[in-house]
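First up is the structure itself, then whatever we jot down about it.
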Amino acid sequence: MGIVQMAAVILLLILTVKPLGTYIYHIFSNQDNRTNKLFGPVEKAIYGLAGLKNRTEMTWKTYALSLILTNVVLVMVSYIILRMQNVLPFNPNGTDNMEPSLSFNTVISFMTNTNLQHYSGESGLSYFSQMAVIIMMMFTSAATGIVVAIAFIRGLTSKGNTLGNFFVDFVKAHTRLLIPMSFIVALALVALQVPQTLHPTIQATTLEGESQQIAMGPVASLVSIKHLGTNGGGFFGANSSHPFENPNPLTNVIEMLSMWCIPAALTYTFGRFAKNQKQGWIIFSAMLILFVASLSLIYSSEMRGNPAINALGIDASQGSMEGKEVRFGVAQSALFTTVTTAATTGSVNNMHDTLTPLGGLVPLAQMMLNCVFGGNGVGLVNMLMYAILAVFLSGLMVGRTPEFLGRKIEVREMKLVAIAILAHPLIILVPTAIAFMTDLGKGAISNPGFHGISQVLYEYTSSAANNGSGFEGLRDNTSFWNITTGLVMLFGRYISIIALLGVAGSFVRKQWVPETIGTFRTDNKMFAGILVGTVLMIGALTFLPALVLGPIAEHLTL
Amino acid sequence: MDHTEDHSKESRTSFLFTIVRLSVLFIVLCGIAYPLACTVLAQLLFPENANGSLIKDSSGQIIGSEQIGQSFSELKHFHGRVSSIGYDGAGSGSENFAPSNPDLLKRMQESIAEWKKNNPDVPISRVPIALLTNSGSGLDPHITPESAKVQIPRISKVTGLSADRLEQLVDDHVEGRGLGIFGEPRVNVLKLNIALDELLKK
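Take a look at the structure:
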């Protein structure tokens, strides 16, 4: 039954790829279509209110600059709100202002689509902050990621000087995709018993006569965009394992598909733009191959369970249930973990810290690769970056100029790709090493032995991949952790965005190379194999030593 | 030529001003209008669910939420899973013990010792792992049907209700998989205990 339900969810995902991918294509192709009638007037009103008169096409530099400035302004406003939430409205529980280093960490975390949370939502945020900062950034950061993908795709597949207009793309990602979908998903979640209220915490007297406080709030509206936007920050500390955020297996399936569908559909959108649908499916299948391999490892490892506990003589046939919820069991938990770290969402429906060592290796490895579906937009861009690299390597082996989608790959592009690829391990491994060398870093570790290494490694990997899940035992709400992870999140997000928009900017100006019999094809099964191989090779070379010290050593000694 | 690349001072300020206006607009639209619209519609369409699926007694006093587990320690009641936060719904979470953490083994051994003390008739080999482990949220409202059934001998002895009657009660409260395939079969401990108390009152 476990395998059947996981396969069913994967099948549902595959069914959404074509319709959603086509819809996203129509949003950003800027050609006339039926949805213009519905959304056009709303967008006109937004352009009018914002004073966007010139909606001309932008070069990659203007596009990147507009993106960054918009993000900077949102970060500043949000920081101010968190620092003075005590005097703002919608604060029925009297939550205090947030401390500076934690506010810094939180606004960066949400703007970079990471959603690493060093606070607990129940006690750390007012309802106003949950809405005006957290929910708002969940939309805007997801839209930022999506428009990066669209600009990158345009660079690869069109000719001219420009990548489109950032503001138009940004507004449309909201009005036509994220807001309508979140609204529908939020109402579906409420229908399945997720709360949505502005009432303060409830006081109850339990069946055995004790008093119980029950925190709630506008949960459904946050949970829907948290997944659709591949954000992952929970309303509650326990995230999607909290029964209010994820009350039953059906909400679990909805949440998984929500975070998975846009990254998966973008591969189809890419195929549409490239006028080569097969190319889109090849990218999709490379992602799915890596995904299924990861899922198999975590599922089998969790079903085998923890040998130390199984030796105690209890009935352990259910698998490892520490840190998991009964309504999900091992199958729905293993699948959720794989999806949330593949799509770099970072919401959790079970505690990753409590996973068996090899089970915990799966989320870690997927965030290190950072391209198995990946977060909204950036996942596709990362995978295309690996595709460019794969073409380049293959080209070197046969001694001809590498081409991708009819364009020559030259020095400038390879330099930028190399920066993006090398930045990722650099901002994971260096801070990890620094954390181990200082008491400020080591002091946060809560689990002894090799697992402590995994905890620190996981925290920085999650920050760099803009995932946001954690081995949550880590006592990370200190200035050291708030600032270092804040910086890693910033670099993890913007270095690769800028480098890859640069790649798009140089691609878009190139001449097409006519296809000949000698052209290296990138839309067949062999290329899918080469792509998977390239991803694994780069990932293994950079991260295997760190993984051996953490989860693998723990597994061998358990 | 791209107008936004016109680097005159005036156009740069208007460029920045546009971004500020756009940001404020999105704070209002996504951060305030969207969640409030969701709240209004949710409250109109599904008021019970939107307010946390609360359970009240005959006098209107709130007993709890059917989604949020409670701590049960009386021997006559079905017990839930281990919760390091004592089912305090003001917070959530667990102690995040790694599989190799010695404290995890210690906690499991204590739970096993307590089980043996309270349930001398049921050997530990029959107790499902889910019952003696900490849930992720610390608020798990469910246990597996088998976890409920292994508690029947104890409850039967304490309350005098027959084992068959209790077995029936548990079976009546089993919630199946979603759409027949998703998730795991389970029993809501609070609802089960409310029904048990009703039985005892008769």
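Sequence lines, in order, name chains A and B.
Per my numbering: the first sequence = residues 145 to 702.
Per my numbering: the second sequence = residues 390 to 591.
A virtual CB, placed ideally from N, CA and C, is assigned to each residue, including glycine.
Since the model is a prediction, treat every value here as computed from it, not as a measurement.
{"Check": "Answer yes or no: do Phe536(A) and Leu584(A) have a C-beta to C-beta separation smaller than 9 Å?", "Outcome": "no"}
{"Check": "So with Cβ pairs under 9 Å, would you call Ser447(B) a contact of chain A?", "Outcome": "no"}
{"Check": "Going straight from the alpha carbon of Ala409(A) to that of Ala487(B), what length do you get?", "Outcome": "36 Å"}
{"Check": "The beta strand (DSSP E) that contains Ile358(A), what's its start and end?", "Outcome": "355-358"}
{"Check": "Given this structure, state the Cα-to-Cα distance separating Thr481(A) from Val474(A), to the nearest angstrom.", "Outcome": "10 Å"}
{"Check": "Where does the unbroken alpha helix (DSSP H) through Thr179(A) begin, and where does it stop?", "Outcome": "179-194"}
{"Check": "What residues from chain B crowd round Glu616(A), counting only those whose CB sits closer than 8 Å?", "Outcome": "Gly482, Asn485"}
{"Check": "How big is the Cα-Cα spacing for Leu218(A) and Ala286(A)?", "Outcome": "13 Å"}
{"Check": "Does any CB atom of chain B fall closer than 9 Å to the CB of Thr482(A)?", "Outcome": "no"}
{"Check": "Taking 9 Å as the threshold (C-beta atoms), are Ser536(B) and Leu550(B) in contact?", "Outcome": "no"}
{"Check": "Using 9 Å as the limit for Cβ to Cβ distance, is Leu394(A) near chain B?", "Outcome": "yes"}
{"Check": "Let me confirm a value: Leu601(A) is counted as buried when at least 16 other C-beta atoms fall within 10 Å, else exposed. Which label applies?", "Outcome": "buried"}
{"Check": "Between Leu464(B), His466(B), Ala439(B), Lys465(B), which lies nearest to Ser454(B) when the distance is taken from Cα to Cα?", "Outcome": "Ala439(B)"}
{"Check": "I need the straight-line Cα distance from Gly617(A) to Ser483(B), nearest angstrom please.", "Outcome": "8 Å"}
{"Check": "Arg298(A) to Thr489(A), Cα distance in whole Å?", "Outcome": "25 Å"}
{"Check": "Which partner residues does Lys552(A) have in the DSSP bridge list?", "Outcome": "Glu547(A)"}
{"Check": "Any idea which residues DSSP pairs Arg496(B) with across the strands?", "Outcome": "Paired residue(s): none; Arg496(B) is not in a bridge."}
{"Check": "Near Thr605(A), which residues of its chain fall below 8 Å by C-beta distance, leaving aside the five closest residues on each side in sequence?", "Outcome": "Leu508, Met511, Met512, Ile572, Asn611"}
{"Check": "Can you name the start and end residues of the beta strand (DSSP E) that Arg575(B) belongs to?", "Outcome": "575-577"}
{"Check": "Could you give the C-beta distance for Ile202(A) and Thr306(A), rounded to a whole number, given that I count them as a contact under 8 Å?", "Outcome": "Strictly speaking, residue 202(A) in this sequence is Met, with Ile absent from that position. About 6 Å; that satisfies the 8 Å criterion."}
{"Check": "So what does DSSP say about Ser267(A), is it helix, strand or coil?", "Outcome": "helix"}
{"Check": "Would you call Met633(A) buried or exposed, if buried means 16 or more other Cβ atoms sit within 10 Å of its Cβ?", "Outcome": "buried"}
{"Check": "Taking C-beta to C-beta, are Ile346(A) and Val277(A) nearer than 9 Å?", "Outcome": "no"}
{"Check": "How many Å lie between Gln498(B) and Leu456(A) at the Cα?", "Outcome": "8 Å"}
{"Check": "If I'm right that Gly467(A) touches Gly478(B) with Cβ under 8 Å, what's the distance once you round it to whole angstroms?", "Outcome": "No, Gly467(A) and Gly478(B) are not in contact; Cβ-Cβ is about 19 Å, not under 8 Å."}
{"Check": "Go ahead and pull the three-state DSSP assignment for Pro344(A).", "Outcome": "coil"}
{"Check": "Verify the CB distance criterion: does His562(B) have a CB-CB separation below 9 Å to chain A?", "Outcome": "no"}
{"Check": "Determine, using beta-carbon pairs with one atom in the stretch 254-266 of chain A and one in the stretch 365-380 of chain A, whether at least three such pairs fall under 8 Å.", "Outcome": "yes"}
{"Check": "Using a Cβ-Cβ cut-off of less than 9 Å, list which residues of the stretch 448-472 of chain A approach chain B; keep chain order.", "Outcome": "Gly449, Asn450, Pro451, Ala452, Ile453, Asn454, Leu456, Gly457, Ile458, Asp459, Ala460, Ser461, Gln462, Gly463, Ser464, Met465, Glu466, Gly467, Lys468, Glu469, Val470, Arg471, Phe472"}
{"Check": "Within 9 Å of any Cβ in chain A, is that where the Cβ of Val559(B) sits?", "Outcome": "no"}
{"Check": "Identify each residue in the stretch 486-502 of chain B for which the Cβ-Cβ distance to at least one residue of chain A is less than 8 Å, and report them in chain order.", "Outcome": "Phe486, Ala487, Pro488, Ser489, Asn490, Pro491, Leu493, Leu494, Met497, Gln498, Ile501"}
{"Check": "Are the CB atoms of Asp620(A) and His262(A) within a distance shorter than 9 Å?", "Outcome": "yes"}
{"Check": "Suppose you measure from the CA of Ile252(A) to the CA of Thr628(A); what does that come to, to the nearest Å?", "Outcome": "11 Å"}
{"Check": "Could you say which of Met145(A), Leu211(A), Gln149(A), Val148(A) lies nearest to Leu405(B) if we only look at CA atoms?", "Outcome": "Leu211(A)"}
{"Check": "How long is the line joining the alpha carbons of Leu425(B) and Val186(A), rounded to whole angstroms?", "Outcome": "19 Å"}
{"Check": "Pairs of beta-carbons, one from the stretch 264-272 of chain A and one from the stretch 228-238 of chain A, closer than 8 Å: are there three or more?", "Outcome": "yes"}
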